[in-house]
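Chemist:
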Amino acid sequence: MSVRPGQTIALVGPSGCGKTTCIQLLERFFDPSSGVVMLDGRDISSVPLDSLRSQLGVVSQEPVLFNRTIADNIAYGCNMRDVHMSEIVKAAKQANIHTFIASLPM
1 MSVRPGQTIA LVGPSGCGKT TCIQLLERFF DPSSGVVMLD GRDISSVPLD
51 SLRSQLGVVS QEPVLFNRTI ADNIAYGCNM RDVHMSEIVK AAKQANIHTF
101 IASLPM
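Counting from 1, position 42 in the sequence shown corresponds to residue 42 in full-length UniProt numbering; the numbering is continuous, with no gaps.
#1: Spatial neighbours of residue 92 within its chain, please: CB distance less than 7 Å, with the 5 preceding and 5 following residues excluded, ordered by chain position.
#2: Rounded to whole angstroms, what is the Cα-Cα separation between residue 54 and residue 104?
#3: Per DSSP, what kind of secondary structure is residue 50 in: helix, strand or coil?
#4: Note down the Cα distance separating residue 106 from residue 58, rounded to an integer number of angstroms.
#5: How close, in whole Å, do the beta carbons of residue 85 and residue 71 come, if the pair is a contact with beta carbons under 8 Å?
#6: Apply the 10 Å Cβ neighbour rule to residue 9 and answer buried if 16 or more other Cβ atoms are within range, or exposed otherwise.
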């Protein structure tokens, strides 16, 4: 598989076809038994794990909501810094959920 810089992709297919395995290889949860996983022409085994994983985002088939605020759930995973409310609102708008959230009682 080859992905261009800035391109967003989705891995879809029937159960058992290898979608999860592809992601696990990309995130280096385990290394390939043969071959190599390349990112920008570089073997990802040479990329520090924290650097690699900070650049990846995964949307699971079964989302998890934590017993926290909606804002906390949206900002979850951004552990490197505090997330400003304007960024949370922007993310909610990009996900087309902002109008619904705004309609909820306080």
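From the three backbone atoms N, C-alpha and C, an ideal C-beta is built for every residue, glycine too.
Computed from a predicted structure; not experimentally measured.
Modeler: Answer, in terms of the structure:
#1: 74, 98 and 101
#2: 32 Å
#3: helix
#4: 30 Å
#5: 7 Å
#6: exposed
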